[in-house]
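Structure first, commentary second.
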Amino acid sequence: MPELPEVETVAQGVNDRTQGQRILSAVFSRAREPFKTDPETMSAALAGQRIARVHRVGKHIVFDLETPHRKPAAHQFIVHLGMTGRLLYSHADIPIPPHTHGRLTLSSGYELRFVDARRFGRLGLHTVEHTEPFRGPGSEPLTISPEDFCALFRNRKLSIKAALLNQKLLHGVGNIYADESLFRAGIRPTRIAGSISHPRLLRLHAAIQTVLRHAIELGGSSVSDYVDADGVRGFFQLEHRVYDRAGEPCRDCGTEIHKIVHAGRGTHYCPKCQR
DNA sequence: CATTTCACCTGGTGGC
DNA sequence: TGCCACCAGGTGAAAT
Numbered sequence: 006m007p008e009l010p011e012v013e014t015v016a017q018g019v020n021d022r023t024q025g026q027r028i029l030s031a032v033f034s035r036a037r038e039p040f041k042t043d044p045e046t047m048s049a050a051l052a053g054q055r056i057a058r059v060h061r062v063g064k065h066i067v068f069d070l071e072t073p074h075r076k077p078a079a080h081q082f083i084v085h086l087g088m089t090g091r092l093l094y095s096h097a098d099i100p101i102p103p104h105t106h107g108r109l110t111l112s113s114g115y116e117l118r119f120v121d122a123r124r125f126g127r128l129g130l131h132t133v134e135h136t137e138p139f140r141g142p143g144s145e146p147l148t149i150s151p152e153d154f155c156a157l158f159r160n161r162k163l164s165i166k167a168a169l170l171n172q173k174l175l176h177g178v179g180n181i182y183a184d185e186s187l188f189r190a191g192i193r194p195t196r197i198a199g200s201i202s203h204p205r206l207l208r209l210h211a212a213i214q215t216v217l218r219h220a221i222e223l224g225g226s227s228v229s230d231y232v233d234a235d236g237v238r239g240f241f242q243l244e245h246r247v248y249d250r251a252g253e254p255c256r257d258c259g260t261e262i263h264k265i266v267h268a269g270r271g272t273h274y275c276p277k278c279q280r
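Residues in the first sequence are numbered consecutively from 6, following the working numbering.
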């Protein structure tokens with residue numbers, strides 16, 4: 006499932022391949038609305054624009070656009086991959102895969118295709134005129150200061166895992182990286198967030214940044230069917246310490262990794278290393 | 001307001 | 001081998 010490292014990988018790949026290209030046309034299927042903006046409005050807003058830059062904000066892929074005269078466009082194009090969404094940079098001759106809900110035809114003869122079997126992904130426009138650029142719902146895990154990070158959890162009565170999954174606090178961390186970060190920080194996922202000591206939270210801040218950076222270097226985790234803009238899988242799943250390792254020995258102490266359902270999600274931890 | 005639960009969706013998987 | 005119930009989880013709405 007695409008979380009921050011996977012979204013970062015896709016955004017970088019799309020930026021490398023499409024920066025500077027013009028969008029000749031944009032078409033979106035009407036079937037059952039994976040859209041925050043209606044398809045006609047999006048098509049009209051995107052056609053003829055030039056892709057100035059593609060980058061990541063939280064789990065969102067953000068397209069900065071320019072008009073043909075290189076002036077900032079009125080909108081940013083926002084893509085959220087949900088669970089199974091893919092943004093594929095494919096030559097127009099390549100057959101269109103099933104579950105393709107959107108296609109941007111580019112000046113290079115290639116297309117950017119939004120493919121999403123489970124339809125949890127979303128496409129939309131963010132209006133830039135008269136307002137600020139898209140900022141996402143929460144703070145950026147890779148740039149938040151240690152003190153601001155600790156303040157997010159002060160007096161919170163929910164578990165640290167539930168807090169990490171709440172995108173309004175920290176955006177970009179999902180189920181895999183929450184479990185992996187908590188293992189590396191030695192924190193039980195069910196611990197009440199507000200009860201964790203300051204030094205331990207600082208350790209979590211560092212663990213999250215280390216894990217996310219390492220995962221980006223390896224192109225993300227391909228646990229279900231995640232692939233990047235070129236259809237290539239990531240390798241961070243080989244570095245997982247707890248996620249999807251229920252019953253296997255902890256790499257640090259040999260204890261069996263436990264799996265429970267917590268905060269509505271499969272939650273993996275080492276009962277000895279994480280208190 | 002803060003927190004928890006649940007529906008959405010369908011391909012892959014495990015059990016028989 | 002084949003079939004089918006069930007699981008996976010990001011998000012937002014509804015419930016508590």
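The C-beta atom is built at its ideal place from N, Cα and C for all residues, glycine as well.
Every value quoted in this text rests on a predicted model; they were computed, and no experiment measured them.
| Asked | Found |
| --- | --- |
| To the nearest angstrom, how far is the alpha carbon of LEU174 from that of ALA183? | 13 Å |
| Helix, strand or coil for VAL84? Go by DSSP, reduced to three states. | strand |
| Would you check if there are 3 or more beta carbon pairs closer than 8 Å linking the region 155-171 to the region 248-258? | no |
| Mind the definition here: the region 238-250 touches the region 218-228 only if three or more C-beta pairs lie below 8 Å; say whether that holds. | yes |
| Take VAL266 as the anchor and find which of PRO10, GLN279, HIS85 and PRO194 has the nearest alpha-carbon. | PRO194 |
| Using 10 angstroms around the beta-carbon of THR14, count the other beta-carbons present and answer buried if the total reaches 16, otherwise exposed. | buried |
| Specify the secondary structure class of THR283 as computed by DSSP and reduced to three states. | Residue numbering for the chain in the displayed model covers 6 to 280; residue 283 lies beyond these limits and cannot be assessed. |
| Decide if the region 6-24 is in contact with the region 85-100; the criterion is three or more beta carbon pairs, one per stretch, under 8 Å apart. | yes |
| Could you check whether ALA79 and GLU134 sit closer than 8 Å to each other, using their CB atoms as the reference points? | yes |
| In or out: LYS166 buried (at least 16 other Cβ within 10 Å) or exposed? | buried |
| Mapping the DSSP letters down to three states, classify TYR115 as helix, strand or coil. | strand |
| So, helix, strand or coil for ASP299, using DSSP? | Only positions 6 to 280 of the chain appear in the structure, and residue 299 is not among them; the question remains open. |
| Thinking C-alpha only, which one of ARG22, LEU169 and ILE181 is nearest TYR94? | ARG22 |
| What residues in its chain sit with their C-beta under 6 Å from that of ILE213, if we drop five residues either side in the sequence? | PRO146 and SER186 |
| On the criterion of 16 or more Cβ atoms from any shown chain inside 10 Å, does SER30 qualify as buried, or is it exposed? | exposed |
| If I follow the unbroken beta strand (DSSP E) through LYS173, where does it start and stop? | Careful: LYS173 lies outside any beta strand (DSSP E) and carries neither H nor E. |
| Where does PRO138 fall in DSSP's three states? | coil |
| Consider the C-beta atom of GLY53 and the heavy atoms of the ligand FMN; say whether any pair is separated by less than 7 Å. | Here there are no bound small molecules, and the ligand FMN is not part of this structure. |
| What are the residues that DSSP puts in a beta bridge with PHE40? | LEU128 |
| Check whether the Cβ atoms of LEU70 and ARG91 sit closer than 8 Å, and answer yes or no. | no |
| Just tell me which of ARG58, ARG280 and ARG140 has its CA closest to the CA of HIS176. | ARG140 |
| Could you please give the first and the last residue of the uninterrupted alpha helix (DSSP H) stretch that includes THR89? | No alpha helix (DSSP H) contains THR89, which DSSP labels as neither H nor E. |
| Under the three-state reduction of DSSP, which class applies to THR110: helix, strand or coil? | strand |
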